[in-house]
Amino acid sequence: EIDLPEDHPRYASLLTRHRIEAGVEKGITSKQGLIAQGRGEAFDYLLGEQTIPSADAAERAAAAQLLLADHPVLSVNGNVAALVAPEIVALAAAVDADIEVNLFNRTEKRMEAIAAHLREHGADEVKGLTADGRIPNLSHERAKVDADGIGAADVVVVPLEDGDRAEALADLGKTEIVIDLNPLSRSAQTAAIPIVDNIIRAVPNMTAHAEELHGSESETLHTIVDQFVGSDALAAAEEAIRTGAQ
Ligand code: ATP
Ligand code: MG
Numbered sequence: 003e004i005d006l007p008e009d010h011p012r013y014a015s016l017l018t019r020h021r022i023e024a025g026v027e028k029g030i031t032s033k034q035g036l037i038a039q040g041r042g043e044a045f046d047y048l049l050g051e052q053t054i055p056s057a058d059a060a061e062r063a064a065a066a067q068l069l070l071a072d073h074p075v076l077s078v079n080g081n082v083a084a085l086v087a088p089e090i091v092a093l094a095a096a097v098d099a100d101i102e103v104n105l106f107n108r109t110e111k112r113m114e115a116i117a118a119h120l121r122e123h124g125a126d127e128v129k130g131l132t133a134d135g136r137i138p139n140l141s142h143e144r145a146k147v148d149a150d151g152i153g154a155a156d157v158v159v160v161p162l163e164d165g166d167r168a169e170a171l172a173d174l175g176k177t178e179i180v181i182d183l184n185p186l187s188r189s190a191q192t193a194a195i196p197i198v199d200n201i202i203r204a205v206p207n208m209t210a211h212a213e214e215l216h217g218s219e220s221e222t223l224h225t226i227v228d229q230f231v232g233s234d235a236l237a238a239a240e241e242a243i244r245t246g247a248q
């Protein structure tokens with residue numbers, strides 16, 4: 003990538019910024035994506051740039067929920083592709099999920115660039131380009147999904163998703179796993195499983211949990227999902243941000 007001093011105290015943050023910048027240059031991340039990144043960083047700073055215990059519990063519950071799913075789909079936008087393309091491919095393999103490109107500002111060019119980027123990092127099938135399905139109650143461009151992808155999914159992972167679309171997907175009866183550093187965001191509040199953590203830590207940790215839980219009885223997985231309470235996780239994250247307590 004680039005030459006960043008690994009002993010720099012903000013190494014992870016600098017690397018993340020560089021990846022987003024490279025994503026913009028490569029045509030996979032929108033300029034709006036830079037703003038979203040800045041917003042996320044502010045929350046991450048307040049969380050101590052670490053996975054707090056309630057987020058780890060959410061990541062474990064998400065892994066269990068994905069292993070229980072009939073048709074899980076991981077939604078990828080321009081920031082997700084720039085930050086964690088190989089990690090998304092690994093998570094999809096660990097839980098046998100589809101990967102679908104889904105953009106707030108949809109352009110065919112950016113859709114293609116993101117799909118190509120995911121394939122470069124090992125994805126063999128990338129959905130989202132057929133766009134033969136629609137999410138009700140959203141404007142035309144933002145409503146587009148693949149009928150056999152998100153359209154047919156029972157569980158969806160929507161990282162850094164816009165609040166409106168997160169709500170519309172939940173209204174469709176899909177079990178939603180949201181990764182978002184802002185616990186006050188509508189997207190996080192809509193989710194069955196809100197993960198308040200940086201996506202660069204959340205996705206690999208979900209994969210690690212999925213690998214550990216692989217082969218567990220479905221009863222065990224159901225118990226992990228049932229014991230997780232989204233509103234408690236959001237409250238714990240807000241508390242950590244406000245007071246530094248975990
Ligand atoms: P609201 O949900 O309050 O209506 P919004 O969704 O319109 O706001 P955006 O700036 O579009 O706000 O959304 C970006 C969201 O993604 C923010 O909540 C931000 O915290 C989150 N975010 C950005 N980068 C990351 C990251 N690396 N990991 C996790 N979350 C991130
Ligand atoms: Mg939001």
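Quick note: the sequence shown, position 122, residue 124 per the UniProt record's numbering, numbers continuous.
Backbone N, C-alpha and C fix where the C-beta goes; we use that ideal spot for every residue, glycine too.
Predicted model only: the values in this text are computed from it and were never measured.
With a cut-off of 8 Å on Cβ pairs, the segment 98-109 is not in contact with the segment 19-28, counting fewer than three such pairs. Placement of the Cβ of alanine 212 at a distance of 7 Å or more from every heavy atom of the ligand ATP is found. The straight-line gap separating the alpha-carbon atoms of glycine 165 and glutamate 8 is approximately 35 Å. If you keep only unbroken beta strand (DSSP E) runs of at least 3 residues inside the segment 98-178, you get 100-103, 157-161. At a threshold of 7 Å, arginine 12 does not count as near the ligand ATP, since its beta carbon sits no closer than that to any of the ligand's heavy atoms. Under the DSSP assignment, proline 74 falls in the beta strand (DSSP E) whose first and last residues are 74-78. Note on geometry: alpha-carbon atoms of glutamine 39 and proline 161 lie some 12 Å from one another. Annotation for isoleucine 54: no beta strand (DSSP E) segment contains it, and DSSP assigns it neither H nor E. When the beta-carbon positions are compared, histidine 224 and leucine 70 come within less than 8 Å of each other. Within 7 Å of the C-beta of isoleucine 137 there is not a single heavy atom belonging to the ligand ATP.
Proximity to methionine 113 across Ala84, Asp46, Glu89 peaks at Ala84, based on C-alpha coordinates. Phenylalanine 45 and asparagine 184 have their C-alpha atoms spaced approximately 6 Å apart. Across the structure, isoleucine 195 and valine 180 are spaced so that their CA atoms are roughly 6 Å apart. Histidine 119 is classed as buried because its beta carbon has at least 16 other beta carbons within 10 Å across all chains shown. A distance below 8 Å between beta-carbons, with the five flanking residues on each side excluded, links aspartate 100 to the following residues of its chain, in chain order: His73, Pro74, Val75, Leu76, Ala94, Glu127, Lys129, Gly151, Ala155. Contact check for glutamate 169 against alanine 96 fails: the beta carbons are separated by 8 Å or more.
The three-state secondary structure of isoleucine 181, taken from DSSP, is strand.
By the CB criterion at 8 Å, valine 205 and valine 86 fall inside the cutoff.
With a cut-off of 7 Å, the C-beta of asparagine 79 is classified as distant from the ligand ATP, since no heavy atom of the ligand falls inside that distance. In the structure shown, proline 88 falls within a helical segment according to DSSP collapsed to helix, strand and coil.
Annotation for isoleucine 201: the continuous alpha helix (DSSP H) segment containing it runs 201-215. Taking each of Arg121, Ile197, Ile116 in turn and checking the Cα distance to asparagine 79, the smallest one comes out for Ile116.
Collapsing the DSSP output to three states places isoleucine 197 in a strand. For leucine 68, the three-state secondary structure derived from DSSP is helix.
Look at aspartate 58: its beta carbon is at least 7 Å from all of the heavy atoms in the ligand ATP. By the Cβ criterion, the segment 208-222 is in contact with the segment 57-67, since at least three pairs of Cβ atoms, one from each stretch, lie closer than 8 Å.
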